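Numbering (UniProt numbering), first residue to last: 4 to 877. Ideal placement from N, C-alpha and C gives every residue a C-beta, glycine not left out. In this text, all values refer to a predicted model and were calculated from it rather than measured experimentally. The structure appears right after this line, and notes come after that.
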Ligand code: HT7
Ligand code: ZN
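Structure follows, in structure tokens:
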């Protein structure tokens with residue numbers, strides 16, 4: 004396998020400005036004929052061999068300007084077709100004909116068959132599995148695509164752009180030709196052939212154009228498509244209003260497919276979605292599922308500008324489109340439901356997944372400098388940390404200048420493949436600000452630590468904030484540089500009022516919240532007119548992706564949990580407090596959770612009122628830092644100890660407020676499903692209450708109510724909440740309800756996924772149960788959703804069982820990775836990420852994990868998995 008380096012970037016020697024594709028689908032073989040208008044780049048010397056990418060293609064014919072090539076005029080080697088005899092003219096036409104085998108394409112890249120439907124996945128390098136091409140994002144081509152297939156079995160034939168011709172052909176076949184008027188890189192190519200039902204609607208753009216919207220799915224899933232359609236229309240309106248971006252084609256299509264490696268794909272005008280990100284119905288989908296559909300539909304739609312109209316020059320720039328688009332979808336979601344809850348959820352993902360990645364052997368910069376397999380870099384760092392960088396730029400510039408900057412970016416680079424520098428430069432040019440220091444965030448890995456200390460001088464009435472930053476050194480980055488860190492802060496008087504903020508040298512206070520930029524090794528800010536020692540509220544809304552090291556007293560954290568007017572920081576204060584208490588026992592040798600009595604008392608005082616005003620915040624406050632998060636805070640990981648201590652804190656809270664939680668659950672009223680922030684908040688709170696109620700001293704009434712609520716649940720959020728509670732608390736009727744659930748939803752693949760997941764994540768049951776489920780007739784490794792619902796859920800979301808002391812969890816997952824790698828390298832490699840903490844495990848578990856990893860290393864593996872394994876072991 005070859006390592007590719009960012010520093011070696013060169014523009015393509017030959018470009019392909021125009022493509023005519025003919026894809027003839029037959030049982031057993033698909034023939035792809037391509038007419039490629041080639042153009043030699045000005046800087047390419049005449050006679051330079053022409054190299055095209057191609058993988059798993061059977062070459063049938065090859066001609067230039069109508070003349071068949073002699074066998075010695077070209078070679079097919081590895082993943083390249085090299086044509087030695089190239090015409091002198093700068094422009095010529097290359098004709099190719101290849102055969103491919105979509106029926107056996109289990110990797111789900113290129114053209115493949117998903118439950119009887121042909122579809123494509125081309126990002127990042129799937130197009131080369133369809134035909135020979137310059138398969139890189141800086142080659143922009145106009146595509147015309149003709150598809151032909153059996154008319155009865157594949158009545159729907161789709162590709163990018165507009166359908167210009169369709170008709171019948173011999174032998175019961177038919178064809179359709181699609182023309183995309185926008186030049187695009189090959190990774191945005193898509194086609195679909197299947198027997199699909201369609202939900203149709205329309206959207207009138209702000210300039211008055213009518214756009215047809217079509218959502219394709221299997222007939223029986225069509226009733227589950229309305230939420231996605233509403234989300235799409237909301238996204239289209241939002242992008243016009245917030246970013247001034249209008250949709251540009253006459254039709255926008257989404258196709259739902261069951262076999263898909265990730266969530267969804269933003270192909271131009273023809274998005275292809277994992278069914279899990281399209282289908283939603285109250286009977287089958289939880290609140291979380293509804294929210295995921297809304298945000299993924301928005302994310303892919305937003306790519307039409309941030310990714311498609313302006314795309315990436317090369318795959319090192321992946322965060323240019325993904326980081327920016329995640330930021331946009333986070334903004335959108337914040338506007339749909341609750342902004343502070345959205346921020347809490349986004350930061351939870353960042354701290355749980357991205358901080359972990361940045362602290363382990365798979366750490367890499369947001370813009371990596373090298374890779375073997377680009378599929379391995381669709382990571383939390385590229386997506387989530389990338390979004391945080393864009394968020395910092397937004398925080399520093401403010402909404403108006405940020406918008407000027409994005410307008411300039413889209414305007415200046417429309418139709419181009421560009422770099423992260425181009426994005427930051429556009430924001431800088433539009434605002435007149437020097438943003439170049441922010442580029443360093445893209446260049447080095449590791450989560451910076453922000454050390455803050457404070458001092459109040461009662462005589463001078465000053466309050467001094469001393470801020471120091473340290474960035475961890477990482478392999479390949481021994482001397483990380485200083486970063487600009489925006490610190491949004493407020494100061495609270497003891498009566499709960501925010502103080503006006505005036506720095507020395509300023510003539511007046513500048514509001515009660517401000518953003519300071521910490522960009523030195525150590526810096527000091529002095530606030531004046533501060534009569535009493537205030538409580539600082541730091542890093543509000545998580546204004547930078549850093550670890551905050553501030554030795555707040557417990558009473559300060561409790562104070563902020565109650566009084567901060569920033570909902571996000573109320574949550575963060577509670578998390579910090581819980582984390583500190585648990586770590587004191589896990590690592591610090593404390594026999595008991597320190598300060599527990601005060602915390603319980605404070606929760607008892609706070610929760611009843613908070614539940615009335617903001618039940619979702621109440622629920623979030625009680626979701627303790629996860630076991631994996633805590634594992635990243637200790638030197639040596641003992642997963643069992645972490646589990647026990649965390650459970651101990653949960654039980655203490657549960658016991659202290661036992662009657663309260665029971666009443667909250669029993670008196671909560673469940674009615675028909677509403678998708679609104681109020682209704683979701685009430686349901687989320689009820690779910691959390693149930694969990695704590697069962698951990699406390701549950702009455703018989705409560706136990707019976709859970710079973711009853713399972714049976715008569717009006718929607719899936721309620722049913723799943725009850726089922727999870729029964730299963731995870733090993734209730735006597737758990738088995739009966741699981742069997743009932745399977746029978747009730749046997750035809751709903753996504754619900755069956757959740758049936759596997761609820762069992763895989765049961766902390767009371769483990770390896771044997773999961774192994775038994777791998778033999779279940781409904782389980783298969785060939786469907787990524789099903790695989791993930793059992794194996795990835797077990798390995799990532801059931802740490803106490805995955806890390807069982809005898810290593811059985813490691814062996815099971817290692818075994819399955821080996822099997823999966825032969826089918827689908829991309830998802831196998833991702834599953835291997837579950838071992839990312841192995842070097843910090845206590846010696847016994849570490850040795851067992853090493854054995855499994857070394858066993859894998861002794862096998863013939865895909866590039867994807869061997870690259871990840873190399874980094875884990877390295
Ligand atoms: N841009 C897409 C990333 C992607 C992908 C999607 C589906 C299957 C395989 C894939 N490889 C890369 C999705 C997105 O982030 O919007
Ligand atoms: Zn994306």
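Cβ shell of residue i (< 7 Å), same chain only, five flanking positions each side left out
i: residue 559; result: 538
i: residue 644; result: 589
i: residue 813; result: 851, 852 and 855
i: residue 383; result: 356, 357 and 360
i: residue 408; result: 400, 429, 430, 433 and 434
i: residue 496; result: 502, 535 and 537
i: residue 719; result: 285, 286, 287, 288 and 289
Span separating the alpha-carbon of residue i from that of residue j
i: residue 348; j: residue 342; result: 10 Å
i: residue 51; j: residue 83; result: 15 Å
i: residue 60; j: residue 377; result: 21 Å
i: residue 712; j: residue 725; result: 7 Å
i: residue 592; j: residue 605; result: 25 Å
i: residue 353; j: residue 388; result: 7 Å
i: residue 70; j: residue 173; result: 29 Å
i: residue 475; j: residue 449; result: 6 Å
i: residue 482; j: residue 366; result: 15 Å
i: residue 562; j: residue 628; result: 19 Å
i: residue 613; j: residue 369; result: 38 Å
i: residue 42; j: residue 393; result: 36 Å
i: residue 535; j: residue 458; result: 11 Å
i: residue 62; j: residue 304; result: 36 Å
i: residue 514; j: residue 504; result: 6 Å
i: residue 655; j: residue 596; result: 10 Å
i: residue 894; j: residue 33; result: Past the edges of the chain, shown from 4 to 877, lies residue 894, and the structure says nothing about it.
i: residue 860; j: residue 80; result: 26 Å
Same chain only: Cβ atoms within 8 Å of residue i, ignoring 5 sequence neighbours per side
i: residue 473; result: 451, 452 and 454
i: residue 748; result: 287, 754, 755 and 758
i: residue 550; result: 358, 450, 451, 452 and 453
i: residue 184; result: 145, 164, 165 and 252
Residues near residue i by beta carbon distance below 6 Å, same chain, minus five either side
i: residue 335; result: 241 and 301
i: residue 116; result: 105 and 106
i: residue 204; result: 216 and 232
i: residue 603; result: 659
i: residue 57; result: 84, 131 and 135
i: residue 529; result: 465, 467 and 507
i: residue 320; result: 422 and 423
| 4-residue-minimum alpha helix (DSSP H) runs that sit fully inside the region 524-597, ordered along the chain | 557-566 and 570-589
| What does the shell around the ligand ZN hold, if a residue joins when its beta-carbon is under 6 Å from any heavy atom? | 302, 306, 325 and 328
| field | Those runs of the beta strand (DSSP E) which lie wholly inside the region 23-80 and span at least 3 residues | value | 32-43, 53-56, 61-67 and 77-80
| message | Which complete alpha helix (DSSP H) runs does the region 412-491 hold, if anything under 4 residues is left out? | response | 423-434 and 443-446
| field | Segment contact, 8 Å Cβ cut-off, at least three pairs: the region 147-155 with the region 128-136 | value | no
| field | Given 8 Å, three or more beta-carbon pairs between the region 735-743 and the region 683-703 | value | no
| request: For the region 804-824 and the region 367-375, state whether three or more C-beta atom pairs, one from each stretch, are separated by less than 8 Å. | output: no
| request: Report yes or no: do the region 257-271 and the region 157-166 share at least 3 C-beta pairs separated by less than 8 Å? | output: yes
| field | Stretch-stretch touch, CB-based, cutoff 8 Å, three pairs: the region 190-198 with the region 228-246 | value | no
| Should the region 842-850 be called in touch with the region 678-689, which here means at least 3 C-beta pairs below 8 Å? | no
| Is the region 173-188 touching the region 216-230, taking contact as three or more C-beta pairs under 8 Å? | no
| query | Is there contact between the region 261-278 and the region 786-797, where contact requires at least three CB pairs shorter than 8 Å? | reply | yes
| request: Counting only runs of 4+ residues fully inside the region 260-326, write out the alpha helix (DSSP H) ranges in chain order. | output: 290-305
| request: Report yes or no: do three or more beta-carbon pairs, one from the region 308-316 and one from the region 409-418, lie closer than 8 Å? | output: yes
| Any contact of the region 527-534 with the region 563-573, i.e. 3+ C-beta pairs under 8 Å? | no
| request: Starting from the N-terminal side, write out each stretch of the alpha helix (DSSP H) that is 4 residues or longer and does not extend beyond the region 704-749. | output: 719-731 and 737-747
| field | Those runs of the beta strand (DSSP E) which lie wholly inside the region 781-827 and span at least 3 residues | value | none
| query | Would you say the region 573-589 touches the region 618-634, given that touching needs at least three Cβ pairs under 8 Å? | reply | yes
| request: Examine the Cβ distances between the region 90-98 and the region 109-123 and report whether three or more of them are shorter than 8 Å. | output: no
| field | 4 or more residues per run - each alpha helix (DSSP H) lying fully within the region 177-260 | value | 229-246
| field | Three-pair Cβ contact test at 8 Å for the region 632-650 versus the region 661-674 | value | no
| Counting pairs of beta carbons, one from the region 223-230 and one from the region 282-299, are three or more of them closer than 8 Å? | yes
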